[in-house]
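Colleague: Chains as they are written, first to last, in this note's numbering: chain A, 9 to 193; chain B, 9 to 193. All C-beta atoms in this analysis are idealised placements derived from N, C-alpha and C, irrespective of residue type, glycine included. Here the structure is a predicted model, which means the values were calculated and not measured. Have a look at this one before I ask anything.
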DNA sequence: GTGTCGAGTATACGAATGTTTACTAGCCGG
DNA sequence: CCGGCTAGTAAACATTCGTATACTCGACAC
């Protein structure tokens, strides 16, 4: 007895690889690296657990691949620099609420036990978030200010995970906007 | 051959309990709940690993006990309310740098896999940090502003863990002060 | 048709974890 | 001095994890 969805699926290496990648992205975003097992990923992708090792070398390899594919937060950075704090606040509020796209950041905040994973996460955080953001900022010490903004982002994710999602109010967004303005100044 | 420190130590239930508690506090603060094993705690306390279960029921029970004993961050809240942002910033900067006292927060940001642990952490965060802080704040919506401040704190810890400790400059502290002022307004 | 290559599978392995259990030995009251 | 309570110990247990391995079976070339 095979699972219903697995019945007579054409054998397609690339498609299976994509299913694993997709399942891994969602699970890592939800539970963090250590909160996910390769068995969970394989089950969600309706694939055999050995294929993770075959296609990605290891669980860590799959994780790195997920982060590589993840579109950066760059879209938030694009556009009118003056509106950046507001966009950051709205993005963060959305993130606080539901985080439908579940991007890189949510995965970052919880993954750190293994030093190898920590290195992967650190590089990705630097290259995909802090550096692009710092490049946008005029004035002195853009790195430090970019780190500060990222700090708030990370904190929001962790708070959301701890306290549960809360519907952000208009006042929340306004407050966050002010904080980001202050952080970017 | 026993370990050097264990040689001929008087059998003292309370003292051993305290050693375990102390070792657990330091390790949990450093590595988070899931990054610490019962064997690590027992080794650091120079005690037998079975005593954790005997004295605290379980690893989770020990963790809860650690959080219960942990002095709250309340001292930062005491004193002149006008100076609160600055004190928060200095405390956070210290935390960013070395965190010598390693209080509750550092343990919070990483511990969440098990729902039981998550509940323990959530309650403690609410009762020992957010509520006392909110009680200090005049004006509307003190809860939301207290959460925002806590968010920055949590984020700082995670960033520190990911990017490594960095020596905070005067400008960093000034910037943080401004951010906290904004968040508390 | 049939042989071969590779996608997919089932199972096992070794390590690590929290917890339990049966045991040992030190101290204290009598 | 000695008997019993108990702190402390050693070993094992059951699970779970990531990974490795030996296998099956379907599709395409010839």
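Please classify residue 150 of chain A: does DSSP put it in a helix, a strand, or coil?
Modeller: As a working mapping, residue 150 of chain A is identified with position 142 in the first chain. Looking at residue 150 of chain A - three-state DSSP - the assignment turns out to be helix.
Colleague: I'd like to know if residue 130 of chain B contacts chain A, where contact means its C-beta is closer than 7 Å to some C-beta of that chain.
Modeller: For the purposes of this step, residue 130 of chain B is taken as the residue at position 122 of the second chain. By this cut-off, residue 130 of chain B is an interface position.
Colleague: One question on the structure: do residue 191 of chain A and residue 156 of chain A come within less than 7 Å of each other, judged by their Cβ atoms?
Modeller: The residue labelled residue 191 of chain A in the question sits at position 183 within the first chain. The residue labelled residue 156 of chain A in the question sits at position 148 within the first chain. A contact, by the Cβ cut-off of 7 Å.
Colleague: Does residue 174 of chain B come out as helix, strand or coil in the three-state DSSP assignment?
Modeller: For the purposes of this step, residue 174 of chain B is identified with residue 166 of the second chain, where counting begins at 1. In this structure, residue 174 of chain B counts as coil in the three-state DSSP scheme.
Colleague: Give me the residue from A:185, A:177 and A:147 with the minimum Cα distance to residue 161 of chain A.
Modeller: In the first chain, the residue the question calls residue 161 of chain A occupies position 153. When only C-alpha atoms are compared, the closest one is A:185.
Colleague: Can you find the residues in the same chain that come closer than 7 Å, C-beta to C-beta, to residue 187 of chain B, ignoring five residues on each side of it along the sequence?
Modeller: The residue labelled residue 187 of chain B in the question sits at position 179 within the second chain. Cβ within range, chain order: 160.
Colleague: Select from B:30, B:84, B:92 and B:56 the residue whose C-alpha is nearest the C-alpha of residue 6 of chain B.
Modeller: Residue coverage of chain B in this structure runs from 9 to 193, which leaves residue 6 of chain B outside it and unanswerable.
Colleague: Taking the beta carbon of residue 42 of chain A as the centre, do at least 16 other beta carbons fall within 10 Å, making it buried, or is it exposed?
Modeller: Stepping through the first chain from its first residue, residue 42 of chain A is reached at position 34. Buried: at least 16 other Cβ atoms inside 10 Å.
Colleague: Which full runs of the beta strand (DSSP E) of 3+ residues lie inside the region 67-104 of chain A, going along the chain?
Modeller: Qualifying beta strand (DSSP E) stretches: none in this window.
Colleague: Give a yes or no on whether 7 Å exceeds the smallest Cβ distance from residue 111 of chain B to chain A.
Modeller: One-based indexing of the second chain puts residue 111 of chain B at position 103. Model confidence at residue 111 of chain B stands at a pLDDT of 47, short of 50, so the residue's coordinates are unreliable; what they give is reported in the following sentence. Taking Cβ atoms only, chain A never reaches closer than 7 Å to residue 111 of chain B, which makes this a no.
Colleague: Tell me whether residue 19 of chain A is buried or exposed, calling it buried when 16 or more other Cβ atoms sit within 10 Å of its Cβ.
Modeller: The residue given as residue 19 of chain A occupies position 11 in the first chain. Burial call: exposed.
Colleague: What are the start and end residues of the alpha helix (DSSP H) that includes residue 28 of chain B?
Modeller: As a working mapping, residue 28 of chain B is identified with position 20 in the second chain. Counting along the chain, the alpha helix (DSSP H) containing residue 28 of chain B begins and ends at 21-39.
Colleague: Could you tell me the distance, in whole angstroms, from the CA atom of residue 34 of chain A to the CA atom of residue 77 of chain B?
Modeller: In the first chain, residue 34 of chain A corresponds to position 26, counting from 1. In the second chain, residue 77 of chain B corresponds to position 69, counting from 1. When rounded, the distance between both Cα atoms is 37 Å.
Colleague: Quick check on residue 180 of chain A: does DSSP put it in helix, strand or coil?
Modeller: Along the first chain, one-based indexing puts residue 180 of chain A at 172. Looking at residue 180 of chain A - three-state DSSP - the assignment turns out to be helix.
Colleague: For residue 166 of chain B, which three-state DSSP category applies?
Modeller: By one-based count along the second chain, residue 166 of chain B stands at place 158. Here residue 166 of chain B sits in helix by DSSP.
Colleague: Answer with buried or exposed for residue 166 of chain B, where buried requires no fewer than 16 other C-beta atoms within 10 angstroms of its C-beta.
Modeller: Numbered from 1 along the second chain, position 158 holds the residue referred to as residue 166 of chain B. Its Cβ being crowded by 16 or more others within 10 Å, residue 166 of chain B is buried.
Colleague: Would you call residue 182 of chain A buried or exposed, if buried means 16 or more other Cβ atoms sit within 10 Å of its Cβ?
Modeller: The sequence position of residue 182 of chain A within the first chain is 174, counting from 1. With fewer than 16 other Cβ atoms within 10 Å, it is exposed.
Colleague: Between the region 49-69 of chain A and the region 78-86 of chain A, can you find at least three pairs of beta-carbon atoms closer than 8 Å?
Modeller: Short answer: they don't touch.
Colleague: With a threshold of 7 Å between beta-carbons, can residue 75 of chain A be considered close to chain B, or not?
Modeller: The sequence position of residue 75 of chain A within the first chain is 67, counting from 1. No, no contact with chain B.
Colleague: Please say whether residue 61 of chain B and residue 28 of chain B have beta carbons closer to each other than 7 Å?
Modeller: Counted from its first residue, the second chain places residue 28 of chain B at position 20. Counted from its first residue, the second chain places residue 61 of chain B at position 53. No; because the gap between Cβ atoms is not below 7 Å, this pair is not in contact.
Colleague: Which residues mark the beginning and the end of the alpha helix (DSSP H) in which residue 193 of chain A is found?
Modeller: Counting from 1 along the first chain, the entry for residue 193 of chain A is found at position 185. That residue, residue 193 of chain A, is in no alpha helix (DSSP H); it is neither H nor E in DSSP.
Colleague: By how many angstroms is the C-alpha of residue 25 of chain B removed from the C-alpha of residue 180 of chain A?
Modeller: Residue mapping note: residue 180 of chain A aligns to position 172 of the first chain, counting from 1. Residue mapping note: residue 25 of chain B aligns to position 17 of the second chain, counting from 1. Looking at the two C-alpha atoms, the distance is approximately 44 Å.
Colleague: Taking residue 147 of chain A as the query, report the chain B residues whose CB atoms sit under 9 Å from its CB, ordered along the chain.
Modeller: Numbered from 1 along the first chain, position 139 holds the residue referred to as residue 147 of chain A. Going along chain B, no residue has its Cβ under 9 Å from residue 147 of chain A, so there is no contact; the nearest lies around 11 Å.
Colleague: Roughly how many whole angstroms lie between the Cα atoms of residue 100 of chain B and residue 177 of chain A?
Modeller: Taking the second chain and counting its residues from 1, the one referred to as residue 100 of chain B is at position 92. Taking the first chain and counting its residues from 1, the one referred to as residue 177 of chain A is at position 169. Roughly 27 Å separates the two Cα atoms.
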